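As structure tokens, the structure follows; a few thoughts come after it.
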Amino acid sequence: MNELIPLMVIIPIIAALILNALGRKNSIVKTLSFVVAILLPLIPIISNYGFHYFGGHSPLIDNENLLSSLPSLISNVSLSTFHIGINYSFEGLQKILLFFLFIVGFLAIFTAINERKRISGQYMFLIFMGLSSVTAMLLSDDIFHMYIFFEIAIISQVGIILSSNDNQKYETAMKYMILGSIGGPILLTGIGFLLALVGSVNITDITYMIKNGLIDSYSPVFLFSFGLIFFGWIYSVGLPPFHTIKSAVYSKATPSGSALLQALSVVIFISFGLAILRIYSHLPFVHGIIIFFSLAGMILSITMALIETDLRRIIGFLAVGELGYIGLGFGIGTNLSITAALFQGINELIITALLFIGFGAIIQLTKISNITKLGGLIENIPKMSIMVLLGGFAMAGVPPLNGFQSKLMLIQSALNANFPELAIIMILISIVTFMTFIKIFHAAYLKPKPKDLIVEKSLVPRSAIFTVGVLLIICIVLGLMPDLVVKELTTFVGGLI
Amino acid sequence: MINTQIAALLCSGSFILIGLYAAIFLDNIIKKIIGLSFIEEGANLFLITLAYRSDGVVPIFLPGMSPDWFVANSAYPLPHALVLTSIVIGASTLAVMLAIAMVLYKKHGSLSAFKILGDNHE
Amino acid sequence: MDIYILIHNSVQKFKNKIKKDTITNENVSSAMAAELTIISTILISSIMLRHINVLLTVLIILGLGLCLITNMPLISKLKKEQDDSLNKMMFYVILTLAILVSAIYWGVLK
Amino acid sequence: MIEYIVMLIGILGSILALAQRDLLKAAILTGISGGCIAILFQILLAPDVALTQAIVGAAIVPVFLALAIYKTQRAGKDD
């Protein structure tokens, strides 16, 4: 059933193109995007693990007939094991992460359909393009292929920002594109340096050549390529100094849009991060640099979140800060820590989507996002407030929710790897996260209602409540039964290193 | 003694540096965008330069060539395929940026990055 | 009575105009929490330098502690540096790129 | 020899483009440096890429820029 693997990328692209052509035909667009979105999570579930070679270009060693006809110059050396075309590998991580990504994508599309009277095909085009491009990044084994789909993901992210009705959206999008146009070509140059040394862009081949000493892995070209690719990575995920623009981007989009943007960022983080770990993890200073940038991201984002007064901006900073945990797990670099980091990534995908959509309900009700002017909304939306509270507990790591499980694993791995300081900092930061969350929860829901606060609509849309409920159920299930996910991830990480 | 490959590498490096200079120091948004397109072109030129082989041939296998001679003399075709994609991506990014710049001009009546993209909380 | 309400309202309006952010309990306490968080996390994370050299770590921690405590309202300075202005973002981006590349390139070559 | 001349023209064209006050001239000069890069691609044994770059770099990008300048303002006051 390996034919299903490319379909995970192709179906969203085809859906996106059809929806774009349909344009403003409201009911058809709604039905089609709903059907495709609900079908997408099923594909990773029913697909089997395996590889897909595009155009049938499997490695020569798999193809006995062709190999015997070639001269011994090729068939007897390691060249015959190299990958000729682009190949997709579908394993445990891909299965789980894509399932949750498509769930979040479905819920984002579902809320977008319900909260707007007229939905344009172009907006759905952007969402599906974003989903398919990050899927391709995660599946691909080819670092240049990742770069191309990363650029497509950036353009669709910009489109998702522009579809909101915030009055600063064009400025933010422009800043994001200018910084992105510096980061993108620099990433490409880094890939070029790697290509100059290795002659291939396939990650498996690169690691093979490094492990067997076929290239000098301490040559300046290799180190330079690490610097440039690492810079591209921190740009793509929003570690400092890109945390300000990333949080601004989250705060300018619609609630469902920001949930999707964060999901895309997490997948980009994981796929580029794994590529960097696989290629460069033998260099001694790589782990230190990853830990340094992740720590800086966590500390700066959480302190900025504490003193910010704009509700959406606070959640944006919290979301960016949480990405630091994944980076720490990658930086510690043991099997347990990478597993924990991947688990944390999945949890973050779900929890931040919950918070963005849950707090987005407040902004839909009042059209105000300044927390000093809000208050007392618990009497308007009691159900939503309880669910958001539980989501915040999950983010801060309160048992028995899923954030607790992954953060516990991260702390254990830090202690095992002889980094007790990191464990202390992680606990400290999650306490501060909890405090920030309680602060905004109090400001929005519990504080006495200001007199000039006008609640425009009396009810939040039922779709938002449904979405938050589904995400909360996933949180609780993953918190009670983490083995559902962790077992697969452990196998995946074991095969990785 | 300077050969074509090194000269082309220097050329791509200077394109990237000129583009970075424009993106950082020039205030006009259109000029910033022009600078960013130079960075993109420099990166593409860098990739193509990697594939070059002095006294080589174009990597197109014509009938009548012996495969061994072709392998020994042709340029490396993989970066060519990569750059083709990258050029198109660069042009589309540029188009999106110009579109946003046009909207920003309509809104602010100016193209100065300092005025438009500074810290202007309303 | 009406005049009193009128005056009260105008004063209220005036007050709102002067102070955009009202200073409340929450703001002050969260700023203090942010201050403490940043100092403590920087100091704790600098202990990690012990993997390189212990003496260096002691010196760096003492220096950092002194430096941080003498520049006490850190958070307002940090906030000013991390606003939405493109020029500041660009400055830090280019600075990071330069430091990253040169440190990796020269640091390992020696 | 011709490749060095082309490189020089390309670099000079890019510098001149950024030094122009009139943005329309800057757009046209961008086309010149894009065209020079296309010729360089041809010299560096990549004719297929050169074709694409000639269309994109020497025609489409300057036209996009010129359209955007036509819709906004022509004189870039500040440098």
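Chains as they are written, first to last, in our numbering: chain X, 1 to 497; chain V, 1001 to 1122; chain G, 2001 to 2110; chain Z, 3001 to 3079.
From the three backbone atoms N, C-alpha and C, an ideal C-beta is built for every residue, glycine too.
Predicted model only: the values in this text are computed from it and were never measured.
Pick helix, strand or coil for X/His-57, following the three-state DSSP scheme. The answer is coil: DSSP assigns X/His-57 none of H, G, I, E or B.
Could you work out which residue in V/Val-1057, V/Ala-1043, V/Glu-1040 and V/Glu-1041 is closest to Z/Leu-3044 when comparing CA atoms only? Answer by Cα proximity: V/Val-1057.
Based on DSSP bridge pairs, tell me the residues matched to X/His-52. Looking at the DSSP assignment, X/His-52 forms a beta bridge with X/Tyr-88.
Identity of the residue in X/Asp-216, X/Ser-385, X/Ile-245 and X/Ile-346 nearest X/Leu-459 by Cα: Checked all of X/Asp-216, X/Ser-385, X/Ile-245 and X/Ile-346; the closest Cα to X/Leu-459 is X/Ser-385.
Distance between X/Thr-31 and X/Gly-183 (C-alpha atoms, nearest Å): Spanning the alpha carbons of X/Gly-183 and X/Thr-31 requires a straight line of approximately 38 Å.
Ordered list of alpha helix (DSSP H) runs contained in the region 193 to 258 of chain X, each at least 4 residues: Counting only runs that start and end inside the region 193 to 258 of chain X, the alpha helix (DSSP H) elements of at least 4 residues fall at 203 to 211, 220 to 237 and 243 to 252.
Taking only runs of the alpha helix (DSSP H) that begin and end inside the region 1009 to 1085 of chain V, which ones reach a length of at least 4 residues, in chain order? Listed in chain order, the complete alpha helix (DSSP H) runs (minimum 4 residues) inside the region 1009 to 1085 of chain V are 1029 to 1051 and 1067 to 1073.
Under the rule that 16 or more other beta-carbon atoms within 10 Å means buried, what is X/Pro-240, buried or exposed? Burial call: buried.
Rounding to the nearest angstrom, what Cα-Cα distance links X/Tyr-170 and X/Ile-38 in this structure? X/Tyr-170 and X/Ile-38 have their C-alpha atoms some 32 Å from each other.
How about Z/Gly-3010 and Z/Ile-3028: are their beta carbons less than 9 Å apart? Taking 9 Å as the cut-off, the beta carbon of Z/Gly-3010 is found no closer than this to the beta carbon of Z/Ile-3028.
Who are the near neighbours of X/Ile-417 in its chain, counting only those whose CB is closer than 7 Å to its CB and skipping five residues on each side? Per the sequence shown, the amino acid found at residue 417 of chain X is Ala instead of Ile. Within the same chain, X/Ala-417 has close Cβ partners Ile-332, Thr-334 and Ser-337.
Between the C-alpha atoms of X/Phe-106 and X/Glu-348, what's the straight-line distance to the nearest angstrom? Approximately 17 Å, taken between the alpha carbons.
Could you check if V/Leu-1020 is buried or exposed, using at least 16 other CB atoms within 10 Å of its CB as the buried criterion? V/Leu-1020 counts as buried, since no fewer than 16 other beta carbons sit within 10 angstroms of its beta carbon.
Using 9 Å as the limit for Cβ to Cβ distance, is V/Glu-1122 near chain X? Unreliable positioning characterises V/Glu-1122 in this predicted model, as indicated by a pLDDT of 43, which lies under 50. A coordinate reading is not provided.
Chain X beta carbons: is any one of them nearer than 9 Å to that of V/Pro-1079? For V/Pro-1079, the closest Cβ of chain X is nearer than 9 Å.
For the candidate residues X/Phe-419, X/Val-470 and X/Leu-97, whose alpha-carbon lies nearest to that of G/Ser-2045? Minimum Cα distance to G/Ser-2045 is reached at X/Phe-419.
Between the beta-carbon of X/Met-8 and the beta-carbon of X/Ser-132, is there less than 9 Å? Yes, the Cβ-Cβ distance between X/Met-8 and X/Ser-132 is below 9 Å.
Please state the DSSP three-state secondary structure of X/Asn-370. Strand at X/Asn-370.
Considering only the alpha carbon of each residue, which of X/Ser-258, X/Ile-10 and X/Ile-307 lies closest to X/Leu-355? Answer by Cα proximity: X/Ser-258.
Using the DSSP secondary-structure output, state which residues sit across from X/Ser-140 in a beta bridge. Answer is X/Tyr-88.
Measuring CB atoms only, is the region 1067 to 1086 of chain V touching the region 1045 to 1053 of chain V, in the sense that at least three cross pairs come out at less than 8 Å? Segments in contact, yes.
In chain order, what residues of the same chain lie with their CB nearer than 7 Å to the CB of X/Val-485, ignoring the 5 residues before and after it? Excluding the 5 residues flanking it on each side, X/Val-485 has same chain C-beta neighbours closer than 7 Å at Ile-96, Phe-343, Ile-346 and Leu-478, in chain order.
Quick check: is the beta carbon of G/Asn-2086 nearer than 9 Å to any beta carbon in chain V? First, the residue type needs correcting, since residue 2086 of chain G is Leu and not Asn in the sequence shown. G/Leu-2086 counts as touching chain V.
Under 9 Å, Cβ to Cβ, is there at least one residue of chain V near X/Glu-171? Chain V, which has a Cβ nearer than 9 Å to the Cβ of X/Glu-171, makes this yes.
Quick one: any contact between the region 202 to 211 of chain X and the region 229 to 244 of chain X, if contact means 3 or more CB pairs under 8 Å? Taking 8 Å as the limit for Cβ pairs, the verdict is that the region 229 to 244 of chain X does not touch the region 202 to 211 of chain X.
Residue(s) in a DSSP beta bridge with V/Ser-1112: Beta-bridge annotation (DSSP): V/Ser-1112 is paired with V/Asn-1028.
Z/Asp-3048 touches chain V at which residues, Cβ-Cβ below 8 Å? Residues of chain V passing the Cβ test: His-1080 and Leu-1084.
Determine the direct distance from the alpha carbon of G/Cys-2067 to that of G/Lys-2080, and round the result to whole angstroms. About 19 Å.
Cβ of G/Leu-2062 within 9 Å of any chain X Cβ: Chain X, which has no Cβ nearer than 9 Å to the Cβ of G/Leu-2062, makes this no.
Decide if Z/Arg-3074 is buried, meaning its Cβ has at least 16 other Cβ atoms within 10 Å, or exposed. The residue in question, Z/Arg-3074, is exposed, as its Cβ has fewer than 16 Cβ neighbours within 10 Å.
Where G/Ile-2042 meets chain V, residues with beta-carbon distance less than 7 Å: In chain order: nothing, as chain V lies at least about 26 Å away.
Cβ of X/Phe-359 within 9 Å of Cβ of X/Leu-311? Cβ distance < 9 Å, so X/Phe-359 and X/Leu-311 count as in contact.
Would you call G/Thr-2037 buried or exposed, if buried means 16 or more other Cβ atoms sit within 10 Å of its Cβ? When all chains shown are included, G/Thr-2037 counts as buried.
Around the Cβ of X/Asp-205, are there at least 16 other Cβ atoms within 10 angstroms (buried) or fewer (exposed)? Buried, since its Cβ has 16 or more Cβ neighbours within 10 Å.
Does the region 12 to 25 of chain X come within contact of the region 119 to 126 of chain X, defined as at least 3 CB pairs closer than 8 Å? Flag = yes, the region 12 to 25 of chain X and the region 119 to 126 of chain X touch.
Limits of the unbroken alpha helix (DSSP H) element including X/Thr-491: Segment 483 to 496, the alpha helix (DSSP H) holding X/Thr-491.
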